[in-house]
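Structure, as structure tokens:
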Amino acid sequence: PMAKKISYRAVPIERLTSVALAALLAGVTRLVIAIDVAKLKMMAGFGGESGDVVRLVRFESPMQTRAFVELVVETGRELAVSVEALMEPTGTYGDALRALLVARGVSVSMLSPKRVHDAREVFDGVPSLHDAKSCVVMAQLHRQGVSRPYVPVSEDRGALRALVRRREVFEKPLQMHLGDLEGLLARHWPEV
Numbered sequence: 079p080m081a082k083k084i085s086y087r088a089v090p091i092e093r094l095t096s097v098a099l100a101a102l103l104a105g106v107t108r109l110v111i112a113i114d115v116a117k118l119k120m121m122a123g124f125g126g127e128s129g130d131v132v133r134l135v136r137f138e139s140p141m142q143t144r145a146f147v148e149l150v151v152e153t154g155r156e157l158a159v160s161v162e163a164l165m166e167p168t169g170t171y172g173d174a175l176r177a178l179l180v181a182r183g184v185s186v187s188m189l190s191p192k193r194v195h196d197a198r199e200v201f202d203g204v205p206s207l208h209d210a211k212s213c214v215v216m217a218q219l220h221r222q223g224v225s226r227p228y229v230p231v232s233e234d235r236g237a238l239r240a241l242v243r244r245r246e247v248f249e250k251p252l253q254m255h256l257g258d259l260e261g262l263l264a265r266h267w268p269e270v
């Protein structure tokens, strides 16, 4: 049998309130928000522990990121349940959002982008993957227990990563200039 067609229609964040979301989510014992992270246009799916997404929300990063975090926190407060956010650990675009969520007491779990990609066709029989569908697939995978809790990097490890990155920034141009210098030396002072 064919999988039923699923609508991935999202609502802009400006048109939502925590009260309206709480009404859609009445009865859940845990609020789960699956977030598809992007540079500018983010998508989030609000649902419960069952893995079903009842509302897809669009918001712009970074302009609406704080409003989104407030919507998440307030919806959890309206429902009087714990809140868990799901994200893929891709690049750095989600770092600020994740930090804001953690600072507001939201539990964050990470989900492998490869798992989401691999599950795209299993979910609805269609091999495509777009932002809204990613949110729905992430929520289902989380229900199955394949996500892992976010563990912040220790301060020492963060400092070491920053030092390595700083070295890389200076090392690339240095290598390029050393190559140029070697060529110039070979041309003008071959005896060196």
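Residue numbering for the sequence shown follows the working numbering, beginning at 79 and increasing consecutively.
No residue lacks a Cβ here, since even glycine has one placed at the ideal position from N, Cα and C.
Keep in mind it's a predicted model, so treat the numbers as computed, not measured.
Within 10 angstroms of the beta-carbon of Met165 lie 16 or more other beta-carbons, which makes it buried. When C-alpha distances from Met120 are compared across Gly105, Gln222, Ala104 and Ala88, the shortest belongs to Ala88. Residue environment analysis places Thr107 among the exposed positions, since fewer than 16 neighbouring C-beta atoms fall within 10 angstroms of its C-beta. As for any alpha helix (DSSP H) of minimum length 4 sitting wholly inside the segment 90–176, the runs are 96–102 and 143–157, ordered along the chain.
Judged by their CB atoms, Val150 and Ile111 are nearer to each other than the 8 Å cut-off.
Residue pairing by DSSP places Ala264 in no beta bridge whatsoever. Under the three-state reduction of DSSP output, Ser206 falls in the coil class, being neither helix nor strand. The C-beta separation of Val215 from Arg226 comes to about 16 Å, leaving the pair out of contact by the 8 Å criterion. The beta carbons of Asp202 and Ala116 sit no closer together than 8 Å.
Between the segment 224–238 and the segment 186–194 there are three or more C-beta pairs closer than 8 Å, enough to call the two in contact.
Close CB contacts of Lys211 within its chain, under the 6 Å cut and outside five residues either way in sequence, are with Tyr86 (chain order). A straight-line Cα-Cα distance of about 24 Å links Glu138 and Gly126.
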